[in-house]
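Peer 1:
Protein chains: 2
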Amino acid sequence: MTQARRPTSRDVAAAAEVSVATVSYVMNGRTDRRIPEVTRDRVLAAAEELGYAPDRAARMLRRRSTEQICLVIGSFGVPVLDQLAASLHETGDRHGFGLITMVVNSPPSARRAIERLRERIADGVVIAGGLHHIGADGLQELARAGMPAVVLSNAMPADGFDVYCEPESEAMAEAVGHLWSSDRRRIAYLGHEREVAQYHAGLQVDSDRFAAFATALEGHGGRLDADLVVAGADSRAEGYRAVSALLSAPRPPDAIVAASSRSAVSTIWAARDQGLNAPHDLAVVGAGAIPEALVIRPTLSTIGPPGDSDFTDLATMLFDRITARDAGRWREIRRPWIYHRRGST
Amino acid sequence: MTQARRPTSRDVAAAAEVSVATVSYVMNGRTDRRIPEVTRDRVLAAAEELGYAPDRAARMLRRRSTEQICLVIGSFGVPVLDQLAASLHETGDRHGFGLITMVVNSPPSARRAIERLRERIADGVVIAGGLHHIGADGLQELARAGMPAVVLSNAMPADGFDVYCEPESEAMAEAVGHLWSSDRRRIAYLGHEREVAQYHAGLQVDSDRFAAFATALEGHGGRLDADLVVAGADSRAEGYRAVSALLSAPRPPDAIVAASSRSAVSTIWAARDQGLNAPHDLAVVGAGAIPEALVIRPTLSTIGPPGDSDFTDLATMLFDRITARDAGRWREIRRPWIYHRRGST
DNA sequence: CTGTTAGCGCGTTCAA
DNA sequence: TTGAACGCGCTAACAG
Numbered sequence: 000m001t002q003a004r005r006p007t008s009r010d011v012a013a014a015a016e017v018s019v020a021t022v023s024y025v026m027n028g029r030t031d032r033r034i035p036e037v038t039r040d041r042v043l044a045a046a047e048e049l050g051y052a053p054d055r056a057a058r059m060l061r062r063r064s065t066e067q068i069c070l071v072i073g074s075f076g077v078p079v080l081d082q083l084a085a086s087l088h089e090t091g092d093r094h095g096f097g098l099i100t101m102v103v104n105s106p107p108s109a110r111r112a113i114e115r116l117r118e119r120i121a122d123g124v125v126i127a128g129g130l131h132h133i134g135a136d137g138l139q140e141l142a143r144a145g146m147p148a149v150v151l152s153n154a155m156p157a158d159g160f161d162v163y164c165e166p167e168s169e170a171m172a173e174a175v176g177h178l179w180s181s182d183r184r185r186i187a188y189l190g191h192e193r194e195v196a197q198y199h200a201g202l203q204v205d206s207d208r209f210a211a212f213a214t215a216l217e218g219h220g221g222r223l224d225a226d227l228v229v230a231g232a233d234s235r236a237e238g239y240r241a242v243s244a245l246l247s248a249p250r251p252p253d254a255i256v257a258a259s260s261r262s263a264v265s266t267i268w269a270a271r272d273q274g275l276n277a278p279h280d281l282a283v284v285g286a287g288a289i290p291e292a293l294v295i296r297p298t299l300s301t302i303g304p305p306g307d308s309d310f311t312d313l314a315t316m317l318f319d320r321i322t323a324r325d326a327g328r329w330r331e332i333r334r335p336w337i338y339h340r341r342g343s344t
Numbered sequence: 000m001t002q003a004r005r006p007t008s009r010d011v012a013a014a015a016e017v018s019v020a021t022v023s024y025v026m027n028g029r030t031d032r033r034i035p036e037v038t039r040d041r042v043l044a045a046a047e048e049l050g051y052a053p054d055r056a057a058r059m060l061r062r063r064s065t066e067q068i069c070l071v072i073g074s075f076g077v078p079v080l081d082q083l084a085a086s087l088h089e090t091g092d093r094h095g096f097g098l099i100t101m102v103v104n105s106p107p108s109a110r111r112a113i114e115r116l117r118e119r120i121a122d123g124v125v126i127a128g129g130l131h132h133i134g135a136d137g138l139q140e141l142a143r144a145g146m147p148a149v150v151l152s153n154a155m156p157a158d159g160f161d162v163y164c165e166p167e168s169e170a171m172a173e174a175v176g177h178l179w180s181s182d183r184r185r186i187a188y189l190g191h192e193r194e195v196a197q198y199h200a201g202l203q204v205d206s207d208r209f210a211a212f213a214t215a216l217e218g219h220g221g222r223l224d225a226d227l228v229v230a231g232a233d234s235r236a237e238g239y240r241a242v243s244a245l246l247s248a249p250r251p252p253d254a255i256v257a258a259s260s261r262s263a264v265s266t267i268w269a270a271r272d273q274g275l276n277a278p279h280d281l282a283v284v285g286a287g288a289i290p291e292a293l294v295i296r297p298t299l300s301t302i303g304p305p306g307d308s309d310f311t312d313l314a315t316m317l318f319d320r321i322t323a324r325d326a327g328r329w330r331e332i333r334r335p336w337i338y339h340r341r342g343s344t
């Protein structure tokens, strides 16, 4: 049962008593070459018999394409990734492309991912996470290498790649406006580790979401209270913990804007464990689409994409870029978020 | 800025006025070749200047290895994946290996994944999801192709690959025993779509977890009530919905064993929304490790791995297999689950 | 119209 | 330090 040597197309050709060219034509099911039924069957039988599978490395080398696209994510726990992966899979299949995923959650992993991509491990890439670690420099590096890329970002200048943009400032303004008009005056921000750390360090916060929140609040004459900017949006557990602490503090908030839907769900439940009910005692708004939003009680108010999350347009944009050799103008898909008022506000 | 042609090692060699062999030695930082400092610097400068990155396809073809491992998952939303990916990344880095992920959530996607793997897209694979779609046949196919594989499964006969096994019947027996001795007599099973469908169709249920539950229940003289076997473990939203319906039924359960920790969390909250509190009105047990278990109130009782989830041993096993050409005996790592009694039971 | 030959693509590595 | 063979599938060009 030991695999002495991997069978090659030459082995198959010998076994089927044809040339390697014929094997190649048969294996690729080429319609521009007419192969007689009997020859075809003999080749396929020989391939099956030997357990032959073409070596992708050789094919990649010769064809100058990998027939793969790469999805870069920051971590596995984000609900929207299933949607994104599904869309990429679906569109990829139609082009005969496979999908691989890489996780970027640190500067070193970002370096390695960029290196791998520059080595042409894929024909195109969708960057849906880890962008902070990759940075504008990393994107430039990919662009210079001629790697077709779609970046999910609200803040990146589109120089050398396509952008999928979900502007959220208007939705955020509406949500905060709604909270304000409901007489909420102590509105907390449950943010991601990174943005909150930047804020408290007095640095420039490079987060579109946080900026939109701060702007909206100030627009109503409110002011950002440092005690009400806390980390906890990165996971459900952290969200629960952070909100529990926040509500036990001397001057608890009367509303919470959470930078992820997951942590918004945790917020509702952490509040209830302290005897506080949304929306009466605490208004809660999440950011992003999540199936639970419509299922839990109260239903979760969010800012998020209108309608169902579907990334077919993103996938199409990527494959257009991969297919069209002439770079053309860099494109941008804009899908502004809206405020979905539901039960928690 | 248009990339006329990707620079090759020959381009670098020409620019640095050395041979391609020297370029190769420098790029790989080989210590067994003495390359003078000046030559080295000239080569690196030329590579940088031209934006050269070696073509992985060519390297793969020549080296007969991809320096990549592949993680096969069923979907993105499973908490333990972050742990698994982290361990694989860490161990992979030490070997200079990259990690790619493929999603298998349907028979066609399983076929494509197997095909890709047979084409040697990776040097080894960890199958952590989608196993039902891959099936024993698919695994055999990979084994025959000589692909080193570690399969996370409790039920697969280890014929041609290594197995990472987390037997849970004892933990389940203990959990059910505890429920039983607390006078719970209507114990529901919140299962995965697939196992519940099989059960209600009167088919053989090929789920270790369900079997362990049924056996444990019968061991106490209890019997499986068809009304109390419901689907909803696949996601939080489905769990919430299923439990809400279950608790509104004429004869609701007094305990729920959930086949995922995520749905167990939803269970607690769905119950509370109906005015029922765990553990008093409803005992809840989840399956698997999840950070929230220790954070929410009540803390969640689970069956799961002892201690922290860490898959270093799994990763090591895979790399041993990849490195050691002599197949050796197929290995199995066993990490029996235990019953973690916490606040919800 | 069918099948074959020959050489390409590019990094690696042995022999010199 | 280098020249040249090598790995393997693909395909243009050619022969039967």
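Here the protein sequences come in this chain order: A and D. Taking numbering that gives the first Met the number 0, the leading residue of the first sequence gets 0, the next gets one more, and so forth. Taking numbering that gives the first Met the number 0, the leading residue of the second sequence gets 0, the next gets one more, and so forth. Note that beta-carbon positions come from the ideal geometry of N, C-alpha and C, so glycine has one too.
#1: Looking at C-alpha atoms only, which residue of Thr65/A, Glu169/A, Arg29/A, Gly231/A is the closest neighbour of Val337/A?
#2: First and last residue of the beta strand (DSSP E) that includes Met101/A?
#3: For Trp329/A, I'd like the list of residues in its chain whose CB is within less than 8 Å of its CB, leaving aside the five on either flank, ordered along the chain.
#4: In the DSSP assignment, the alpha helix (DSSP H) including Ile133/A goes from what residue to what residue?
#5: Would you list the residues sitting across from Gly190/D in a DSSP beta bridge?
#6: Pick out whichever of Tyr24/D, Gln67/D, Val22/D, Gly190/D has its Cα sitting closest to the Cα of Ala263/D.
#7: Looking only at its chain, what residues have a beta carbon closer than 8 Å to the beta carbon of Gly18/D, apart from the 5 residues adjacent to it on each side?
#8: Could you please give the first and the last residue of the uninterrupted beta strand (DSSP E) stretch that includes Val125/D?
#9: Pairs of beta-carbons, one from the region 80-90 of chain D and one from the region 85-94 of chain A, closer than 8 Å: are there three or more?
#10: What separation, rounded to the nearest whole angstrom, lies between the Cα atoms of Pro305/D and Ala172/D?
#11: State whether the region 132-142 of chain D contacts the region 67-76 of chain A, with contact taken as three or more CB pairs (one from each stretch) at a distance under 8 Å.
#12: Measuring CB to CB, does Ala257/A end up less than 8 Å from Val283/A?
#13: Please return the same chain residues whose Cβ sits closer than 8 Å to the Cβ of Ile113/A, not counting the five positions on each side in sequence.
#14: Find out if the Cβ-Cβ distance for the pair Glu331/D, Cys164/D is shorter than 8 Å.
#15: What in chain D is Cβ-close to Pro78/A, meaning under 7 Å?
#16: Report the residue ranges of all alpha helix (DSSP H) runs contained in full by the region 196-269 of chain A; include only those spanning at least 4 residues, in chain order.
#17: Does DSSP classify Ile295/A as helix, strand or coil?
#18: Restricting to Cα atoms, I'd like to know which of Leu80/D, Ser260/D, Ala20/D, Ile255/D is closest to Leu275/D.
#19: Give me, in chain order, the residues of the same chain whose beta-carbon lies closer than 7 Å to that of Thr266/D; leave out the 5 immediate sequence neighbours on both sides.
#20: Whether or not the region 41-54 of chain A and the region 4-11 of chain A are in contact is what I'm after, with contact meaning three or more pairs of Cβ atoms, one per stretch, closer than 8 Å; do they touch?
#21: Leaving out five residues before and five after Ala277/A in sequence, what residues of the same chain have Cβ atoms less than 7 Å from its Cβ?
#22: Using three-state DSSP, classify His94/D as helix, strand or coil.
#23: Which residues in chain A sit within 7 Å of Ala57/D, going by Cβ to Cβ distance?
#24: If we ignore side chains and look at the alpha-carbon of each, how far apart do Ala225/A and Thr7/D end up?
#25: Taking 8 Å as the CB-CB cut-off, is Gln2/D touching chain A?
#26: Out of curiosity, what's the CA-to-CA distance linking Gly218/A and Trp179/A?
#27: Could you tell me which of Ile99/D, Ala232/D, Ala135/D sits nearest to Asp122/D, measuring between CA atoms?
#28: Would you identify the three-state DSSP class for Tyr24/A, choosing helix, strand or coil?
#29: Beta strand (DSSP E) containing Gly303/D: first to last residue?
#30: In whole angstroms, what is the alpha-carbon distance linking Ala288/A and Asp309/A?
#31: Ignore the nearest five residues each way along the sequence and tell me which others in Val103/D's own chain have a CB closer than 7 Å to its CB.
#32: Would you mind telling me which residues of chain A sit closer than 8 Å to Ala230/D, beta carbon to beta carbon, in chain order?
#33: In whole angstroms, give me the CA-to-CA distance for Leu246/D and Gln273/D.
#34: Give me the Cα-Cα distance between Ile321/D and Val228/A, rounded to the nearest whole angstrom.
#35: Chain D partners of Glu291/A, CB-CB under 9 Å?
#36: Quick one: give me the first and last residue of the beta strand (DSSP E) that Leu49/A is part of.
Peer 2: Working from what's here:
#1: Residue identity check: residue 337/A is Ile in the sequence provided, not Val. Considering only Thr65/A, Glu169/A, Arg29/A, Gly231/A, the residue with the shortest C-alpha distance to Ile337/A is Glu169/A.
#2: Membership of Met101/A in the beta strand (DSSP E) is indicated by the continuous run 97-102.
#3: For Trp329/A, the CB contacts under 8 Å within the same chain, skipping 5 residues up- and downstream, are Ala157, Asp158, Gly159, Phe160, Asp161, Val162 in chain order.
#4: Bounds of the alpha helix (DSSP H) holding Ile133/A are 130-143.
#5: Partner(s): Ala230/D.
#6: Of Tyr24/D, Gln67/D, Val22/D, Gly190/D, the smallest CA-CA separation from Ala263/D is found for Gly190/D.
#7: First, the amino acid is wrong: residue 18/D is Ser here, not Gly. Shown here for Ser18/D: same chain residues with a beta carbon closer than 8 Å to its own, the five before and five after excluded, namely Ala12 in chain order.
#8: Run containing Val125/D: 123-126, per the beta strand (DSSP E) assignment.
#9: Short answer: they don't touch.
#10: Rounded to the nearest angstrom, the two C-alpha atoms are 16 Å apart.
#11: Counting Cβ pairs under 8 Å, fewer than three are found: no touch.
#12: Yes, these two residues count as a Cβ contact at 8 Å.
#13: Excluding residues within five positions, the ones whose Cβ falls inside 8 Å are Ile133, Gly137, Glu140, Leu141.
#14: The answer is yes: Cβ separation under 8 Å.
#15: Contact annotation for Pro78/A against chain D: Gly76 [CB-CB distance below 7 Å, chain order].
#16: The region 196-269 of chain A contains these whole alpha helix (DSSP H) runs: 207-218, 235-247.
#17: Reduced to three states, the DSSP call for Ile295/A is coil.
#18: Taking Leu275/D as reference, the option from Leu80/D, Ser260/D, Ala20/D, Ile255/D with the minimal CA-CA separation is Ile255/D.
#19: Taking Thr266/D as the centre and dropping the five residues before and after it, the same chain places the C-beta of Leu189, Gly238, Val242, Ile255, Ala257, Val283 closer than 7 Å to its C-beta, in chain order.
#20: Yes, the region 4-11 of chain A is in contact with the region 41-54 of chain A.
#21: Within the same chain, Ala277/A has close Cβ partners Ile267, Ala270, Val283, Pro297, Ser343.
#22: Residue state for His94/D is assigned as coil, using DSSP reduced to three classes.
#23: Per Cβ cutoff of 7 Å: Leu60.
#24: Annotation: Ala225/A to Thr7/D spans about 54 Å, alpha carbon to alpha carbon.
#25: In this prediction, Gln2/D has a pLDDT of 49, which is less than 50 and means its spatial position is unreliable; nothing more can be read from the coordinates.
#26: Using only the alpha carbons, I get a separation of about 10 Å.
#27: Asp122/D has its Cα closest to that of Ile99/D, out of Ile99/D, Ala232/D, Ala135/D.
#28: Tyr24/A: helix per DSSP, three-state reduction.
#29: Boundaries of the beta strand (DSSP E) around Gly303/D: 300-303.
#30: Cα-Cα distance, rounded: 11 Å.
#31: Counting only Cβ-Cβ distances below 7 Å, and skipping sequence neighbours, we find Val71, Gly73, Ala109, Ala112, Gly128, Gly129, His132, Ile133.
#32: Neighbours of Ala230/D across chain A, judged by C-beta separation under 8 Å, do not exist; the nearest C-beta is about 15 Å away.
#33: Separation of Leu246/D and Gln273/D (C-alpha to C-alpha, rounded to the nearest whole angstrom) is 8 Å.
#34: So the alpha carbons of these two residues sit roughly 48 Å apart.
#35: At a beta-carbon threshold of 9 Å, the residues of chain D lying near Glu291/A are Ser234, Arg235, Ala236, Tyr239, Ser265, ordered along the chain.
#36: Judged by DSSP secondary structure, Leu49/A falls outside any beta strand (DSSP E) and instead within the alpha helix (DSSP H) spanning 36-49.
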